[in-house]
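The opening position of the sequence shown corresponds to residue 258 in my numbering, with each subsequent residue numbered one higher. To start, the structure itself, in structure tokens.
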Amino acid sequence: MKTTPLFTLNKLSLAVASAVLLSGVASANTVNTANTQKEKDPEYFPVERIQITGRLRTSASAATEERREQVQVGDILGLEQLSRTGDSSAAAALRRVTGLTLKDGKFIYVRGLGERYSSTSLNSAVVPSPDPTRNVVPLDMFPASIIESLSVQKSASADRPAAFGGGHVDIRTLSTPVEPFVKLSIGTSFNTNDSNDAFSYNGGGDEWKGKDDGTRALASAITNTTNQYGGLSPIDIITGSNGSINFADAAKLNRDLALDLHRDMNVTTESTDQPLNGNLAFGTNWDIGDEGLLGVVAAFAYKNEQSNYEKTDIELDGDANQTQVENDKRVKGTDTKVKFSAMFNMGFELDDNHKIESFTTYLSDSSDDVSVAIEETIDTLGEPNALQVYDIDFQQRTLLSNQLKGTHYFEDWWELELKWQYSDSKSSRRAPSELSYTYNVVLDDANAITSRHLNTQDAPKYVYSQLDDDMENFGFDLGLPVAFDTTVVTFKAGYQFVERSRTSYATRLGLDVGLRPTDANGDILSKEFSDIFSDENINSNVLDVELKDASTDTEDYIAAEQNDAVYISAELDFDDELIFYAGLRYEDFRRVTLPLEPDGNISDEGGRYEISDYIVQEDGFFPSLSMTYKEDDLSQWRVALSKTMVRPDLREVSPVRFQDPVTGFDFFGNPELKSSAIYNLDARWEYYSETGDNYSIGAFYKDIDAPIEPIQRISEAGRQLKFYNANSGFIYGIEAEALQGLAFLGDAKSIWQQFFIAANVTLSDSEIEIAQSGEIDPTNTKRRMTGHSEWVTNFQISFDSKDEAHNATLVYNVFGDRVAYGGRGGLDDVYEQPFHSLDFTYKYYPVEDMSISFKAKNLLDEQTTYEQQGIEVYAKEPGSKYSIQLSYKF
258 MKTTPLFTLN KLSLAVASAV LLSGVASANT VNTANTQKEK DPEYFPVERI
308 QITGRLRTSA SAATEERREQ VQVGDILGLE QLSRTGDSSA AAALRRVTGL
358 TLKDGKFIYV RGLGERYSST SLNSAVVPSP DPTRNVVPLD MFPASIIESL
408 SVQKSASADR PAAFGGGHVD IRTLSTPVEP FVKLSIGTSF NTNDSNDAFS
458 YNGGGDEWKG KDDGTRALAS AITNTTNQYG GLSPIDIITG SNGSINFADA
508 AKLNRDLALD LHRDMNVTTE STDQPLNGNL AFGTNWDIGD EGLLGVVAAF
558 AYKNEQSNYE KTDIELDGDA NQTQVENDKR VKGTDTKVKF SAMFNMGFEL
608 DDNHKIESFT TYLSDSSDDV SVAIEETIDT LGEPNALQVY DIDFQQRTLL
658 SNQLKGTHYF EDWWELELKW QYSDSKSSRR APSELSYTYN VVLDDANAIT
708 SRHLNTQDAP KYVYSQLDDD MENFGFDLGL PVAFDTTVVT FKAGYQFVER
758 SRTSYATRLG LDVGLRPTDA NGDILSKEFS DIFSDENINS NVLDVELKDA
808 STDTEDYIAA EQNDAVYISA ELDFDDELIF YAGLRYEDFR RVTLPLEPDG
858 NISDEGGRYE ISDYIVQEDG FFPSLSMTYK EDDLSQWRVA LSKTMVRPDL
908 REVSPVRFQD PVTGFDFFGN PELKSSAIYN LDARWEYYSE TGDNYSIGAF
958 YKDIDAPIEP IQRISEAGRQ LKFYNANSGF IYGIEAEALQ GLAFLGDAKS
1008 IWQQFFIAAN VTLSDSEIEI AQSGEIDPTN TKRRMTGHSE WVTNFQISFD
1058 SKDEAHNATL VYNVFGDRVA YGGRGGLDDV YEQPFHSLDF TYKYYPVEDM
1108 SISFKAKNLL DEQTTYEQQG IEVYAKEPGS KYSIQLSYKF
């Protein structure tokens, strides 16, 4: 159990600023390089961004036009496209983009690169991630209802952070509507897994809010006792009291603390709750004077649904010639998710040349996961003995972002353009009580339990954890166009500053029971959890129970980062036919990540590390070059070169253990990780027909120095993964896409006039080289990069009725197998298998302002599967989901 830390985060930030951050260079706002005239025009925001009653093909072509005018290689998804495909979040929508795949329903892989190689911004501002296991924001937290558009930039530019690998995603929300509106939506859904009963327990009265009402919270008496006596055990209490408390009283005090735990945690079954989701959005504007305009947009979204699932988790041992199952775990569970989001944006346009916008976004995403598993080890496989494992995991993730940005054109000052922004964001992850306990069980031939008692050799464990991130960034950008006859040169210079601080704490408590099943009162252990640990049994000490601190040496860490950046760029436009772009970015990056011992002191991991090992200072220049050649009005060529970098996440460089919330795999950080320099080459040909059809084909190559990879390390404690730098790596491939109407299949009156298709495919290959060390023994020292799929494809066929009363879309997405993590000791790498996703969306407009939509997800009832040595080692069945939603716009 932790005592109060010896220093606070503020002191850490001060130490970083004074001792580590010796120099500071300013940085500029990460803003979009969108077409200047579009941003000047106050009517740029079309009505269709709010009212989705037009044809998708028109809106898709509008998004394509924005992509066409960009200097960098990229893709755009508009709101109408999000609506058409029926995607409920930014994460689900982005898998429709060429070369992008979705991981765990939250994270985007760009061109087969893991989520570490992508970055995310909200309205061009960097925001922190509330997920402690990832550096990037889980994109499933952003509901589609608050999104105006999504921009994916695949080639680097000087105004973007150098931490750029596969792509950068900017989530844009609207601040100024063209006309007043109010839109209300309500819906529900059904999952094929809902036919099973859902697991439940007593979690308090605020579950519908997605928050804990204090029922699960760590009792203050436990914290106070630890701080007063230096521990929880009777010996700690006696020692901390200088012998003024005898053993009997110390043991009684310890049992009283056990009474303060939330022990009403019996897992029960009940009918699965009916899911509910609702959205409310409204906006308006007012004319201010002759040229001014003030706009306001607000949106709220709520979603509450239970999802039943089945999961398999198997650990193997041996090598390629002789493989055996080390551990076999079959899980049934229920995950209750509550999501709430709110957005309030304002935009003020003084005139055509000056605009100020504010964006406030709040996201809350809670998960209450209850599971029961039957687990067999190598010693019990094939025998009737097994373990029944109960896990109750509640966590709430939140993100609050406040942003202020401005765009100003000074026509009298050589048409100078000034952009600036300030953002303050806070994210958190709170897990007030994660409980696990096991029973020893005996199974009959039908796998029914014939006897059962609490496993006292593995004490029930409570885990209380909290992570808080605070991020502040600001900057400005100056642009100056200079015309030379038909040539326009636009010079830009900017400054950006990002500061981030984090605290992460976890407390583990165990209920150690001395009573054995063979003892006189041993039959108590066959009861349910709350009956075993009842007030009566604890007070009478019939259990011989002791509350123990089960924390490890390095559960906690604190960290801070600062990054100063300056950049310059020049864009040369030769008569809108040949465009050259050259940019140079300089970054001065500093980081300190300090693991903490239970007493609050900085851990040196048994003398393995010095304090200096936890400090990183690196700076460098990052050039970017691109060229666009417009062959004619219909086609153009692009090529781009750049140097970028990917830095390890805070968690990955702190030597603490953390668990992947999706797979349950244990990971360990590594302070010796280095950043990975990346050299990028992109080329693409694009064709845009006069009818709105468009096609593109591109190629890319990335050379990566010291790529970061998760590797299974040598351990006797089961499957453990740790992050290491490979020696080198590269990835290359081609990608193609098309938007094509099907009118050519018939005459002018044919039904084919109302159909069109959109498709894309990416083919690629990658390789890394990683050497053996004292901790790892990789089976394959040369293999594909983690998360890389050799092929990814999307296909979409859509229908729009002539009267615009009906539209429908069938969407298919699949990726090739990809390395989940590297194998060791002769066992092959673990591969995630292809997931064939088939989704259908139908929308009907009975009147102009009303729509009824039906969505079907995972029609093929696919499951997520990992394989090793041809054996299924992990599988999870999400089920097929059907939903209906009614929307009305006033």
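Yeah, the Cβ is synthetic: ideal placement off N, Cα and C, and Gly gets one too.
query: For Glu-572, which residues of its own chain have a beta-carbon under 6 Å away from its beta-carbon, when the five flanking residues on both sides are left out?
result: Glu-583, Asn-584 and Arg-976
Same chain, Cβ closer than 6 Å to Val-288, neighbours up to 5 away in sequence not counted: In this predicted model, Val-288 has a pLDDT of only 30, less than 50, meaning its place in the structure is not dependable enough to derive any value.
- prompt: Relative to the alpha-carbon of Asn-984, which residue among Val-629, Thr-1038 and Gly-779 has its alpha-carbon at the smallest distance?
  reply: Nearest of Val-629, Thr-1038 and Gly-779 to Asn-984, Cα basis: Thr-1038.
In DSSP terms, what Pro-1035 is bridged to: Arg-1081
message: If you reduce the DSSP assignment to three classes, tell me which class Ala-1132 lands in.
response: strand
- prompt: the ligand SAH heavy atoms versus the CB of Phe-539: any closer than 6 Å?
  reply: Ligands are entirely absent from the displayed structure, and the ligand SAH is therefore not among its contents.
message: Check for me: the alpha helix (DSSP H) holding Ser-477 runs from which residue to which?
response: 477-486
Which of helix, strand or coil DSSP assigns to Tyr-1149: Not covered by the structure: residue 1149. The range shown for the chain is 258 to 1147.
field: Coarse secondary structure for Ala-995, derived from DSSP in three states
entry: Strand, per DSSP.
Sub-7 Å separation of Ala-817 and Arg-765 beta-carbons: At least 7 Å separates the beta-carbon of Ala-817 from that of Arg-765.
- request: Thinking Ile-965 and Asn-982 are a contact (beta carbons under 8 Å), I'd like their distance in whole angstroms, please.
  value: Between the beta-carbon of Ile-965 and that of Asn-982 there is about 6 Å, and that keeps the pair under the 8 Å contact cut.
task: Measure the alpha-carbon distance for Ser-498 versus Phe-399 and round it to whole angstroms.
output: 51 Å
- request: Buried or exposed for Lys-411, please, with buried defined as at least 16 other CB atoms from any protein chain shown within 10 angstroms of its CB.
  value: buried
field: Simplified DSSP assignment, three categories, for Gln-893
entry: strand
message: Looking at the secondary structure, which residues open and close the alpha helix (DSSP H) in which Ala-508 lies?
response: In the DSSP annotation of this structure, the continuous segment of the alpha helix (DSSP H) that includes Ala-508 starts and ends at 504-516.
field: Segment limits, beta strand (DSSP E) that includes Val-951
entry: The amino acid at residue 951 is misidentified as Val; the sequence shows Asn. Its beta strand (DSSP E) spans residues 951-962.
- request: Use the C-beta contact count for Ala-777: other C-beta atoms within 10 angstroms, 16 or more gives buried, fewer gives exposed.
  value: exposed
field: For Ile-428 and Asn-602, the rounded distance between their alpha carbons
entry: 14 Å
- request: Can you grab the Cα-Cα spacing for the pair Asn-858 / Tyr-814, in whole Å?
  value: 10 Å
task: Grab me the residues of Arg-651's own chain with a C-beta within less than 8 Å of its C-beta, minus the 5 sequence neighbours each way, in chain order.
output: First, the amino acid is wrong: residue 651 is Phe here, not Arg. Correct list, in chain order: Gly-460, Asp-469, Arg-473, Ser-623, Ser-624, Asp-625, Asp-626, Ala-688, Pro-689, Ser-690 and Glu-691.
message: To the nearest angstrom, how far is the alpha carbon of Glu-909 from that of Phe-980?
response: Between Glu-909 and Phe-980, the C-alpha separation is close to 7 Å.
At least 3 beta-carbon pairs within less than 8 Å: the region 1025-1043 vs the region 1003-1016: no
field: Asn-730, buried or exposed, once every other Cβ within 10 Å from all chains shown has been counted against 16
entry: buried
Leu-644 and Thr-695 closer than 7 Å at C-beta: yes
query: Terminal residues of the continuous beta strand (DSSP E) containing Thr-433?
result: No beta strand (DSSP E) contains Thr-433, which DSSP labels as neither H nor E.
message: On the criterion of 16 or more Cβ atoms from any shown chain inside 10 Å, does Asp-780 qualify as buried, or is it exposed?
response: Counting the other CB atoms within 10 Å of its CB gives Asp-780 a total below 16, which places it among the exposed residues.
field: DSSP bridge partner residues for Ala-455 (one or two, in chain order)
entry: Glu-527
query: Based on Cα-Cα distance, which residue from Leu-907, Glu-1061 and Leu-656 lies nearest to Phe-925?
result: Leu-907
query: Among residues of its own chain, excluding the 5 on either side of Asp-544, which ones have a beta-carbon nearer than 7 Å to its beta-carbon?
result: Leu-550
- prompt: Hey, Ser-1108 and Lys-1100: beta-carbon distance below 7 Å or not?
  reply: yes
Start-to-end residues for the alpha helix (DSSP H) that takes in Asn-244: The chain is shown only over 258 to 1147; residue 244 falls outside these bounds and no answer can be derived.
task: Quick one: residues in its chain with C-beta nearer than 8 Å to the C-beta of Val-367, no 5 flanking neighbours on either side, listed in chain order?
output: Gly-356, Leu-357, Tyr-374, Ser-375, Val-409, Lys-411, Gly-422, Gly-423 and Gly-424
field: Residues of its chain near Thr-637, where Cβ-Cβ distance is below 7 Å and the 5 sequence neighbours each way are ignored
entry: Ala-643
field: Range of the contiguous alpha helix (DSSP H) that encloses Ser-787
entry: Element bounds for Ser-787: 786-789.
- request: State the beta-bridge partners of Lys-676 as determined by DSSP.
  value: Thr-664 and Asp-734
- prompt: By a C-beta neighbour count over all protein chains shown, 10 Å radius and 16 as the cutoff for buried, is Gln-653 buried or exposed?
  reply: Counting Cβ neighbours within 10 Å, Gln-653 comes out buried, since at least 16 surround it.
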